[in-house]
Structure formats: structure tokens, C-alpha cells
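Chemist: Position in the sequence shown (first residue = 1) + 2 = my numbering.
Backbone N, C-alpha and C define an ideal beta-carbon position, used for all residues, glycine too.
Just passing along the structure, written as C-alpha cells.
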Amino acid sequence: MGVTHVSIGKNAQWKTHLNLGKRTNQSFTQIPHARFIEMLTRKLERVGITVVVNEESYTSRASFIDWDNIPTYNTNNKINHTFSGRRIKRAWYVSKNGFKIHADVNGAFNIGRKSNPEGFDTLLSILRDRGCLVVHPRRITPLFKRVHAKSKVA
């Protein structure tokens, strides 16, 4: 069983009011993300994989572990949303129970959860029981014996 569903997070007009510095803004806004999403969607649907492009507001701030409610951003709504976990340093997110997860992994899970809520119910229970979200891969270097061809003596 392979991949059957891909969720892509995209916010409308997300590159318009950036403040990353003049040079970074000029180079970053030239990257054609919308075209990449269109190309990826076309190729995935060609092989039978369902693609859902959904808005991704608050997916980095909400806690996947604590199953926080993920609201949708609205410019007219001035409600201040509170979340159970918090982001520490640059790359880590900590849940209310102190469970540490990589912030990008937390955001990716929340994007998937926001676009396909029923697909994550069983996954969360499995992850909570195991207490592990990321597999730690090991590098295996196989040992090969070199076979030398015997030289012919004339």
C-alpha cells in the first residue's frame, strides 16, 4: 500500500507583504510556488493519488499532539486564539505535556489534519501509545569483498 492522499498547504497572497529584507524579498517572490503546485498536482493525479490544496493558517502554532482546534484566519475577525503548546528555538515545538516534536513535522501533520480530519484519528492514537513520532534511521554500509580477476600468464 503506497501513498493515496497528498495534502498541500497554501495561503492566498502569502508572498505579498514580506519583510525579509530587500534582496531576499526580490529573490524569494520570484519562485513560482503556484506553478510547482499545479505541476505536482497534475503528475500525482495522473498516477491516481488524490491531491488536496488547503489553506494552512495556524498549522504551525496549533499542537498536533494535544489535538488543538485549528481555526481559519479571517482578516475581519480579531479573536486572539490560544494554543496548548509552544514553539521553542527555531525548529522545536513542545506540547503541553512536554512532548518535543520538530516544528516542521508538527506543521505538516496539522496541514494534513486540516485537509483530511478523519484520516488522522487512528494515527494519533497509535503515536500516543508508542510515544514516538519520528523513526531514527540507521545507515548500513554493506561490506563487499572485492573479487580480483586473475591475470593470465602467457
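#1: Would a C-beta distance cut-off of 8 Å place alanine 110 and alanine 93 closer than the cut-off?
#2: DSSP state of threonine 84, grouped into three classes?
#3: Can asparagine 157 and isoleucine 81 be called in contact, C-beta distance under 8 Å?
#4: What number of angstroms, rounded off, separates the C-alpha of isoleucine 90 from the C-alpha of glycine 4?
#5: In the DSSP assignment, the alpha helix (DSSP H) including threonine 52 goes from what residue to what residue?
#6: Could you check whether threonine 52 and histidine 83 sit closer than 8 Å to each other, using their CB atoms as the reference points?
#7: Between which two residues does the beta strand (DSSP E) holding glycine 11 run?
#8: Per DSSP, what kind of secondary structure is lysine 24 in: helix, strand or coil?
#9: What is the DSSP secondary structure of isoleucine 67, counted as helix, strand or coil?
Modeler: In brief:
#1: Against the sequence shown, residue 110 aligns to sequence position 108. Against the sequence shown, residue 93 aligns to sequence position 91. It is not a contact, given that the beta carbons lie outside the stated cut-off.
#2: In the sequence shown, residue 84 corresponds to position 82, counting from 1. Threonine 84 falls in the coil class under three-state DSSP.
#3: A question about residue 157 goes unanswered here, because the residues of the chain that appear run from 3 up to 156.
#4: Taking the first residue of the sequence shown as position 1, residue 90 is located at position 88. Taking the first residue of the sequence shown as position 1, residue 4 is located at position 2. Distance between the alpha carbons of isoleucine 90 and glycine 4: 34 Å.
#5: Walking along the sequence shown from the start, residue 52 turns up at place 50. First-last for threonine 52: 52-56, but that is the beta strand (DSSP E), not the alpha helix (DSSP H).
#6: Sequence index remark: in the sequence shown, residue 83 carries index 81 (1-based). Sequence index remark: in the sequence shown, residue 52 carries index 50 (1-based). Cβ distance not < 8 Å, so histidine 83 and threonine 52 don't count as in contact.
#7: Position 9 of the sequence shown, counted from the start, is the residue given in the question as residue 11. For glycine 11, the uninterrupted beta strand (DSSP E) run begins and ends at 7-11, by DSSP.
#8: Position 22 of the sequence shown, counted from the start, is the residue given in the question as residue 24. Helix.
#9: To locate residue 67, count along the sequence shown from 1; it is residue 65. Correct three-state label for isoleucine 67: coil.
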